[in-house]
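These notes concern the structure reproduced below.
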Amino acid sequence: MVVRGIAQLTLILALVTMALANGLWPSCAGKTMLRSTGLSCEEKQAILDEHNRLRQLVALGQIHGQPSAANMREMVWDDELAAAAQRWTNRCAKDHDEGRNVRRFSVGQNNFRRWTTVPPGPYDDQPDWRHTISDWFNEVQHYRIGYNDATNGHYTQIVWGDTYLVGCGYSFYYDPALGYTKNYVCNYGPGGNLVGFQPYQSGQPACGSYGMLYSNRYAGLCSGEHYYHLGALCSYG
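The sequence shown lines up with residues -21 to -1, 1 to 216 when you count with mature numbering (1 follows the signal peptide of the UniProt record, and there is no 0).
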């Protein structure tokens, strides 16, 4: 019986290994993966631009009901966070990745799935990052300073003052139970949503008081150094 059990376990491990080698996670069973290749440089820049645009609005006190921010950092792209996000979305996962932390810091995560039963047209497999990030941000309507809960966690992570690195992943697949599904995942570092802490320090932007420079691209945001604009590095052919 022991030998038989070992043989069965060996077979199961072999099948799992084969599935993973082919990019087929158990959570993707029965689904057809249509896109899982990561993001283009332009898509990365769109993600950065939308995050920083929204963070700037908060920092300058332009969001109703929310105080301005003294220490809101400009976000920059991080390849390690992006690779982890892409691996997670390639699993067709609907929950958060509990193993997402990296050596440098704990990692926050926002995720979202959108689906339709309408077969996709020529460009319908493409992500709509601005819409998705705006949906996360719009949880601000449920947020009061000092009260973090499950209804506003996406928003508070987007505006967490000390978070300055972001990396995202995207997959598109057919799920017989739901339809054509777009799966978005963004990882953030250092992660926010710490219990007992507010997202940022209220007050007028005061980057120098926190040992930072003022961003040269976004008034009101702070930067540890002057980062290159990702779009300038993209190859447009």
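Built from N, CA and C at the ideal position, the CB exists for glycine as well.
Could you tell me whether the stretch 140 to 147 touches the stretch 18 to 31, where touching means 3 or more Cβ pairs closer than 8 Å?
-> yes
What three-state label does DSSP hand residue 220 in the structure shown?
-> With the chain represented from -21 up to 216, any question about residue 220 goes unanswered, as that position is not in the structure.
Cα separation between Cys186 and Gly44?
-> 22 Å
Cα-Cα separation, Gly100 to Gly87 | For Gly100 and Gly87, the gap between their C-alpha atoms comes out near 33 Å.
Going by other Cβ atoms of all chains shown within 10 Å of its Cβ, with 16 needed for buried, is Gly168 buried or exposed?
-> buried
What are the start and end residues of the alpha helix (DSSP H) that includes Asn31?
-> Residues 20 to 38.
8 Å Cβ cutoff met for His133 and Trp108 | No. Outside cutoff.
Roughly how many angstroms lie between the CA atoms of residue 224 and Gly140, to the nearest whole one?
-> No answer is possible for residue 224: the residues shown for the chain start at -21 and end at 216.
Closest by CA to Leu13, which one among Val81, Arg70, Arg79, Thr135?
-> The option with the nearest alpha carbon to Leu13 is Arg70.
Between which two residues does the alpha helix (DSSP H) containing Thr135 stretch?
-> 132 to 137
How many Å lie between Leu200 and Ala38 at the Cα?
-> 7 Å
Whole-angstrom distance between Asn50 and Pro98, CA atom to CA atom = 45 Å
What residues in its chain sit with their C-beta under 6 Å from that of Phe151, if we drop five residues either side in the sequence?
-> The answer, listed in chain order, is Leu13, Arg14, Asp104, Lys161.
With a floor of 3 residues, list each beta strand (DSSP E) that falls wholly inside the stretch 138 to 205, ordered by position along the chain.
-> The stretch 138 to 205 contains these whole beta strand (DSSP E) runs: 144 to 154, 158 to 168.
How many angstroms separate the CA atom of Ser202 from the CA atom of Leu27?
-> 14 Å
Thinking Val164 and Trp94 are a contact (beta carbons under 8 Å), I'd like their distance in whole angstroms, please.
-> So it is not a contact: roughly 15 Å between Cβ atoms.
Terminal residues of the continuous alpha helix (DSSP H) containing Gln65?
-> Per DSSP, Gln65 belongs to the alpha helix (DSSP H) from 58 to 68.
Could you give the residue range of the beta strand (DSSP E) that holds Phe84?
-> Where Phe84 is concerned, there is no enclosing beta strand (DSSP E), given that its DSSP letter is neither H nor E.
Where Val119 sits in the DSSP three-state scheme = helix
Using beta-carbon positions only, say whether Met54 and Asn80 come within less than 8 Å of one another.
-> no
Classify Leu89 as buried or exposed, calling it buried when 16 or more other Cβ atoms lie within 10 Å of its own Cβ.
-> It should be pointed out that residue 89 corresponds to Asn in this sequence rather than to Leu. Buried, by the Cβ-count rule.
From Gln24 to Ser181, what distance separates their C-alpha atoms?
-> Taking C-alpha positions only, Gln24 is separated from Ser181 by approximately 28 Å.
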